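In my numbering, the protein residues as written are 7 to 188. Reviewing the structure listed below.
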Ligand SMILES: [Zn+2]
Ligand SMILES: [Zn+2]
C-alpha cells in the first residue's frame, strides 16, 4: 500500500496520498510504544519535477509512553514531518559534494519507492528524547518512589528516618569539636 510506482508518478506529475498508517506498536530510539487510535494519519504530496521526485507531508498520531518523571503511561502526540527528495542519478564533482548530497537525496534503485520508510523516519525524527506527562508533573519521591502527583503533601518517612538517626561518625566529630572549643 505504501509503495508507489516511479513510472506512475512521472506520468501523473503529482499525487496526493491520504491514509491511515496502520500499526499496533512502533519502535523508536527511546523505546517501543503502543500506537493508539489504530495508527497515524498520513498525508503526503508526491511531485515529479526537474527529474526528481519530491515528497512532503506529515504522519500524526498518539502513542502510549511512560513519563520520564513519574513513569506513568501517558498519551504522547507525535507530529512527524515527512520530507524527501529522490533522484535518478548521482553525479559528483567533488568528494565534499558527495557527502552533502548523501544526507539529502535518496537514489532511486528500482521501479518502486517505499513510502513506509519515510513515514517511520518522520515519526522517529519528531519524537523527543525526553517526555513528560504534563509540564508540571511533580515526579516521584527520590527516597521512596511515591508518586508526588497523587500525594502532593507527601512527607517521606524514609527521609525522616535519615534525619532522626544521626550518623555515629558525625556524633563523634561533634564531641571532638565541643572538647576543642572547651
Ligand atoms: Zn509524569
Ligand atoms: Zn517518599
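Every residue gets a Cβ at the ideal spot worked out from N, C-alpha and C, and that includes glycine. Values in this document were obtained by computation on a predicted structure and should not be read as measured data.
Check your understanding: Does the beta carbon of residue 149 fall short of 7 Å from some heavy atom of ligand 2?
Key -> One-based indexing of the chain shown puts residue 149 at position 143. Yes, Cβ of residue 149 sits closer than 7 Å to a heavy atom of ligand 2.
Review point. Residue 45 by DSSP, collapsed to three states: which one?
Key: As a working mapping, residue 45 is identified with position 39 in the chain shown. DSSP places residue 45 in strand when its eight states are reduced to three.
Review point. When DSSP labels each residue in this structure, what does residue 121 get in the three-state scheme?
Key: For the purposes of this step, residue 121 is identified with residue 115 of the chain shown, where counting begins at 1. Helix at residue 121.
Exercise for review: Taking residue 139 as the reference, give the member of 148, 153, 47, 45 with the closest Cα.
Suggested key: Translated into positions along the chain shown, residue 139 becomes position 133. It is 153.
Check your understanding: Is residue 23 helix, strand or coil by DSSP?
Key -> Your numbering for residue 23 matches position 17 in the chain shown. Reduced to three states, the DSSP call for residue 23 is strand.
Exercise for review: Please confirm whether residue 66 and residue 86 have their CB atoms less than 8 Å apart.
Suggested key: For the purposes of this step, residue 66 is taken as residue 60 along the chain shown, with counting starting at 1. For the purposes of this step, residue 86 is taken as residue 80 along the chain shown, with counting starting at 1. Going by C-beta atoms, residue 66 is nearer than 8 Å to residue 86.
Exercise for review: Just the C-alpha distance for residue 63 and residue 149, rounded to the nearest angstrom, thanks.
Suggested key: Position 57 of the chain shown, counting from 1, holds the residue named residue 63. Position 143 of the chain shown, counting from 1, holds the residue named residue 149. Between residue 63 and residue 149, the C-alpha separation is close to 46 Å.
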